[in-house]
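Read top to bottom, the protein sequences are chains A and B. Each residue of the first sequence is one higher than the last, beginning at 4 in the working numbering. Each residue of the second sequence is one higher than the last, beginning at 771 in the working numbering. Glycine residues also receive a C-beta, built at the ideal position from the N, C-alpha and C atoms.
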Amino acid sequence: DAGVIQSPRHEVTEMGQEVTLRCKPISGHDYLFWYRQTMMRGLELLIYFNNNVPIDDSGMPEDRFSAKMPNASFSTLKIQPSEPRDSAVYFCASSPAYNEQFFGPGTRLTVL
Amino acid sequence: ILNVEQSPQSLHVQEGDSTNFTCSFPSSNFYALHWYRWETAKSPEALFVMTLNGDEKKKGRISATLNTKEGYSYLYIKGSQPEDSATYLCAFSLRGGADGLTFGKGTHLIIQP
Chain A
4 DAGVIQSPRH EVTEMGQEVT LRCKPISGHD YLFWYRQTMM RGLELLIYFN
54 NNVPIDDSGM PEDRFSAKMP NASFSTLKIQ PSEPRDSAVY FCASSPAYNE
104 QFFGPGTRLT VL
Chain B
771 ILNVEQSPQS LHVQEGDSTN FTCSFPSSNF YALHWYRWET AKSPEALFVM
821 TLNGDEKKKG RISATLNTKE GYSYLYIKGS QPEDSATYLC AFSLRGGADG
871 LTFGKGTHLI IQP
């Protein structure tokens with residue numbers, strides 16, 4: 004298995020632009036998680052899905068952030084419009100129910 | 771708000787020495803405690819998941835213990851090697867609630883040859 008796949012690995016964009024991050028979970032995993040990592044706050048849960056359904060999005064910082072999971076093998080995290088304070092590493096993780104989570108390599112986002 | 775506290779924040783250890791560090795978490799509504807190892811420029815890698823009070827897990831030279839009544843877990847590394855250098859994260863999940871993990875900020879371990 005290739006593990007959790009994220010794209011792009013690096014994204015540099017200008018303030019105000021739309022950014023879309025992509026994730027392909029491990030096949031057969033029912034849960035998908037989006038995390039954000041910053042120096043100040045460490046790893047924070049943004050949103051997670053169970054069987055493609057969003058369960059808890061209380062960690063999404065504001066309305067500029069949205070996430071979708073149209074099928075079991077694909078999820079997106081969108082930021083529109085992006086701001087410099089959104090610069091961070093965004094991780095996607097997947098897991099079988101109530102078990103260890105497997106993290107993707109992350110997307111390093113820089114908003115200028 | 772759930773607080774997961776890890777200490778120390780960073781640690782320098784001589785190669786060959788043993789070391790340990792702590793994770794503190796809320797003891798109410800506990801479901802599981804996870805330990806992850808995170809090397810620079812890589813993604814976090816799961817080490818252990820523990821759910822029962824008194825659980826002890828071991829993987830090679832690394833082991834962990836869990837006390838859910840008082841809300842802490844220890845991670846031990848025996849005979850540290852340079853490849854043990856990494857950030858060690860603990861994370862906590864609630865019973866019957868969110869399945870997402872609340873992470874501590876990690877202990878950054880540097881093994882000096």
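query                                                                                                          : result
Contact with chain A by K848 (chain B), beta-carbon distance below 8 Å                                         : no
Whole-angstrom C-beta distance between T835 (chain B) and E826 (chain B), which should lie under 8 Å           : 5 Å
Partner residues on chain B for L80 (chain A), Cβ-Cβ distance less than 7 Å                                    : None at all; the shortest Cβ gap to chain B is about 14 Å.
I880 (chain B) burial status per 10 Å Cβ neighbour count (16 or more: buried)                                  : exposed
Reduced DSSP secondary structure (H/G/I, E/B, other) of R67 (chain A)                                          : coil
Residues that P814 (chain B) contacts on chain A, provided the C-beta gap is smaller than 7 Å                  : F106
Within chain B, partners of F77 (chain A) - CB distance below 9 Å                                              : Going along chain B, no residue has its Cβ under 9 Å from F77 (chain A), so there is no contact; the nearest lies around 19 Å.
Cβ neighbours of G867 (chain B) in the same chain (closer than 6 Å, five flanking residues each side left out) : Because G867 (chain B) carries a pLDDT of 49, less than 50, the predicted location of this residue cannot be relied on, and the following value inherits that uncertainty. Closer than 6 Å at the Cβ level, and outside the excluded window around G867 (chain B), lies no residue.
C-alpha distance - Y846 (chain B) paired with T789 (chain B), whole-angstrom precision                         : 6 Å
E853 (chain B) in three-state terms, based on DSSP                                                             : helix
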